[in-house]
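Asks: Handing you a structure now.
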Amino acid sequence: MSEKKILITGASRGLGLAISNLLSKEYTLILHATREESFTNVDPKHHLLCADLSDPGQLNEFCKRLKKEHGDTLYGVVNNAGITFDKPLIYQPENEIDRLLQVNLKAPIMICKAVMKQFLLNKSGVIINVSSCVGETGNAFQAVYSATKAGLAALSKSLAREVSALNEEHSIRILSIAPGFIETDMTDKIPENYRQDYLKAIPANRFGKVNEVAEVVAFLLSDKASYINGTNININGGIL
Ligand SMILES: NC(=O)c1ccc[n+]([C@@H]2O[C@H](COP(=O)([O-])OP(=O)(O)OC[C@H]3O[C@@H](n4cnc5c(N)ncnc54)[C@H](OP(=O)(O)O)[C@@H]3O)[C@@H](O)[C@H]2O)c1
22 MSEKKILITG ASRGLGLAIS NLLSKEYTLI LHATREESFT NVDPKHHLLC
72 ADLSDPGQLN EFCKRLKKEH GDTLYGVVNN AGITFDKPLI YQPENEIDRL
122 LQVNLKAPIM ICKAVMKQFL LNKSGVIINV SSCVGETGNA FQAVYSATKA
172 GLAALSKSLA REVSALNEEH SIRILSIAPG FIETDMTDKI PENYRQDYLK
222 AIPANRFGKV NEVAEVVAFL LSDKASYING TNININGGIL
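With the working numbering, letter number 28 in the sequence shown gets 49, and the count goes up by one each step, no holes.
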């Protein structure tokens, strides 16, 4: 097993669980969810580091522990944890707007900030921020969610450029991925009539499977993807 450690946020379900299952053999994982009880059957070679990222105090503590307990051995980060509250903006309470911004955007920013200094010292590391196709296309009833996902794509591109401005020779890569509609708890909540409308827009004629995203993440973390940096990778069955 490699000594490389990878943090995966939101690793208890959906995309995060599929990514952690796929990476489990090759890497030592730091698995995150809101609480330890969200996990069953964790291989003892991995680490749990849990926090409700909607709580600024817990996010702060999470970043401190990440740096203190794993900072010098961390090789990769998959900022995957995310939430939705789908409704028209005019009916969206401010506390939901705050939670969307906090979990989907502020937490990944603070996690990038927490790990970046050591990555610069090591001159290596990979960050993959999990954006969404709606970050590019926009989506009715997901205005704030879409804004957070567009933010993650911009964050990734900006940080990639920032790293090269600070450090000429390095192998640090910062990317985002933009899944389309992937079958998870998050998409299970979409009403059937909307699901049928979304399907019509997908040339592949089906929703995606979690493993189809996990395989791309594994590739992007690996040295095989050494020249893929500062970009947003679509995994969406062909949605324009
Ligand atoms: N599914 C899709 O079609 C799709 C498409 C594009 C992008 N994405 C993005 O992909 C990522 C994963 O989506 P998914 O469908 O796999 O989601 P999911 O099945 O709903 O899983 C969400 C994960 O995030 C964690 N989480 C939820 N609230 C949290 C909070 N307040 N603080 C910390 N962690 C929290 C959950 O932990 P607990 O188990 O402890 O609650 C869980 O591990 C998200 O960023 C989502 O926006 C998904």
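Every residue, glycine too, gets a C-beta built ideally from N, C-alpha and C.
Under 7 Å: does the beta carbon of Thr94 sit that close to some heavy atom of ligand 1?
Replies: Your numbering for residue 94 matches position 73 in the sequence shown. Flag unset: Cβ of Thr94 not near ligand 1.
Asks: Report the rounded CA-to-CA distance for Ser45 versus Ile111, giving the unit in angstroms.
Replies: Within the sequence shown, the letter at position 24 stands for residue 45. Within the sequence shown, the letter at position 90 stands for residue 111. About 43 Å.
Asks: Between which two residues does the beta strand (DSSP E) harbouring Arg194 extend?
Replies: Numbered from 1 along the sequence shown, position 173 holds the residue referred to as residue 194. Element bounds for Arg194: 192-200.
Asks: How would you write the range of the alpha helix (DSSP H) that Ser167 sits in, first residue to last?
Replies: Here the question's residue 167 lines up with position 146 in the sequence shown. Where Ser167 is concerned, the enclosing alpha helix (DSSP H) stretches over 164-187.
Asks: In whole angstroms, give me the CA-to-CA distance for Val237 and Ala135.
Replies: By one-based count along the sequence shown, residue 237 stands at place 216. By one-based count along the sequence shown, residue 135 stands at place 114. Using only the alpha carbons, I get a separation of about 25 Å.
Asks: If you draw a straight line from the C-alpha of Ser153 to the C-alpha of Ile198, how long is it?
Replies: Taking the first residue of the sequence shown as 1, we reach residue 153 at position 132. Taking the first residue of the sequence shown as 1, we reach residue 198 at position 177. Rounded to the nearest angstrom, the two C-alpha atoms are 7 Å apart.
Asks: Can you tell which of Val155, Ala161, Ala246 has its C-alpha closest to the C-alpha of Ile260?
Replies: By one-based count along the sequence shown, residue 260 stands at place 239. For the residues Val155, Ala161, Ala246, the minimum Cα distance to Ile260 belongs to Val155.
Asks: Rounded to whole angstroms, how far is the Cβ of Ser59 from the Cβ of Ser33, which I believe are closer than 8 Å?
Replies: By one-based count along the sequence shown, residue 59 stands at place 38. By one-based count along the sequence shown, residue 33 stands at place 12. Sure, about 4 Å apart at Cβ, within 8 Å.
Asks: May I ask which residues mark the beginning and end of the alpha helix (DSSP H) holding Ser41?
Replies: By 1-based counting over the sequence shown, the position of residue 41 is 20. Run containing Ser41: 35-44, per the alpha helix (DSSP H) assignment.
Asks: Is Ile249 buried or exposed, if buried means 16 or more other CB atoms sit within 10 Å of its CB?
Replies: On the sequence shown, residue 249 is found 228 positions in, with the first residue counted as 1. Looking at its Cβ environment, which holds fewer than 16 other Cβ atoms inside 10 Å, Ile249 is exposed.
Asks: Do you know offhand how far Phe162's Cα is from Thr105's?
Replies: What you label residue 162 is simply residue 141 of the sequence shown in a count that begins at 1. What you label residue 105 is simply residue 84 of the sequence shown in a count that begins at 1. The alpha-carbon atoms of Phe162 and Thr105 are separated by roughly 10 Å.
Asks: Roughly how many whole angstroms lie between the Cα atoms of Lys144 and Phe228?
Replies: By 1-based counting over the sequence shown, the position of residue 144 is 123. By 1-based counting over the sequence shown, the position of residue 228 is 207. When rounded, the distance between both Cα atoms is 38 Å.
Asks: If we count the other Cβ atoms within 10 Å of its Cβ and call it buried at 16 or more, is Met22 buried or exposed?
Replies: Within the sequence shown, residue 22 is the residue found at index 1, counting from 1. The predicted position of Met22 is uncertain, since its pLDDT is 42 and thus under 50; a value taken from the coordinates is nonetheless stated next. Answer is exposed; the Cβ neighbour count stays below 16.
Asks: Short of 7 Å in beta carbon distance, which residues of its chain neighbour Ala246, apart from the five on each side in sequence? Order them along the chain.
Replies: Taking the sequence shown and counting its residues from 1, the one referred to as residue 246 is at position 225. Only Phe240 meet the Cβ criterion.
Asks: Going by the C-beta, is Leu52 closer than 7 Å to any heavy atom of ligand 1?
Replies: Residue mapping note: residue 52 aligns to position 31 of the sequence shown, counting from 1. Not so, every heavy atom of ligand 1 lies at least 7 Å from the Cβ.
Asks: Count the C-beta pairs between the segment 201-217 and the segment 183-190 that are closer than 8 Å, then say yes if the count reaches three, no if not.
Replies: As far as the Cβ criterion goes, the segment 201-217 does not touch the segment 183-190, which means the pair count is below three.
Asks: Report all residues from its chain with a CB closer than 8 Å to the CB of Gln79; omit the five preceding and five following residues, and keep chain order.
Replies: Locating residue 79 in the sequence shown gives position 58, counting from the first residue. Result list for Gln79: Ala72, Asp73, in chain order.
Asks: Hey, would you say the C-beta of Ser185 is under 7 Å away from at least one heavy atom of ligand 1?
Replies: Locating residue 185 in the sequence shown gives position 164, counting from the first residue. No, Cβ of Ser185 sits at least 7 Å from all heavy atoms of ligand 1.
Asks: Let me check understanding here. Comparing Cα to Cα, which of Ser41, Leu36, Leu50 lies closest to Lys26?
Replies: Translated into the one-based positions of the sequence shown, residue 26 becomes position 5. Nearest option by C-alpha distance: Leu50.
Asks: State the CB to CB distance for the pair Leu173 and Pro129, rounded to an integer number of angstroms; the pair is presumed to be in contact (CB under 8 Å).
Replies: The residue you call residue 173 lines up with position 152 of the sequence shown. The residue you call residue 129 lines up with position 108 of the sequence shown. Yes, they are in contact, since the Cβ atoms of Leu173 and Pro129 sit about 6 Å apart, within 8 Å.
Asks: Helix, strand or coil: which one does DSSP assign to Asn255?
Replies: Within the sequence shown, numbered from 1, the residue matching residue 255 stands at position 234. Looking at Asn255 - three-state DSSP - the assignment turns out to be strand.
Asks: Going straight from the alpha carbon of Arg56 to that of Leu69, what length do you get?
Replies: Mapped onto the sequence shown, residue 56 falls at position 35. Mapped onto the sequence shown, residue 69 falls at position 48. In a straight line, the C-alpha of Arg56 is about 9 Å away from that of Leu69.
Asks: Using the C-alpha atoms, what's the distance from Arg86 back to Asn42?
Replies: Indexing the sequence shown from 1 puts residue 42 at position 21. Indexing the sequence shown from 1 puts residue 86 at position 65. One C-alpha to the other measures close to 23 Å.
Asks: Val231 and Leu36 - do their beta-carbons sit closer together than 8 Å?
Replies: Locating residue 36 in the sequence shown gives position 15, counting from the first residue. Locating residue 231 in the sequence shown gives position 210, counting from the first residue. Against a cut-off of 8 Å, the Cβ pair of Val231 and Leu36 comes out as a contact.
Asks: Find out if the Cβ-Cβ distance for the pair Leu196, Ser167 is shorter than 8 Å.
Replies: Counting from one through the sequence shown, the residue named residue 196 turns up at place 175. Counting from one through the sequence shown, the residue named residue 167 turns up at place 146. Not closer than 8 Å, so no.
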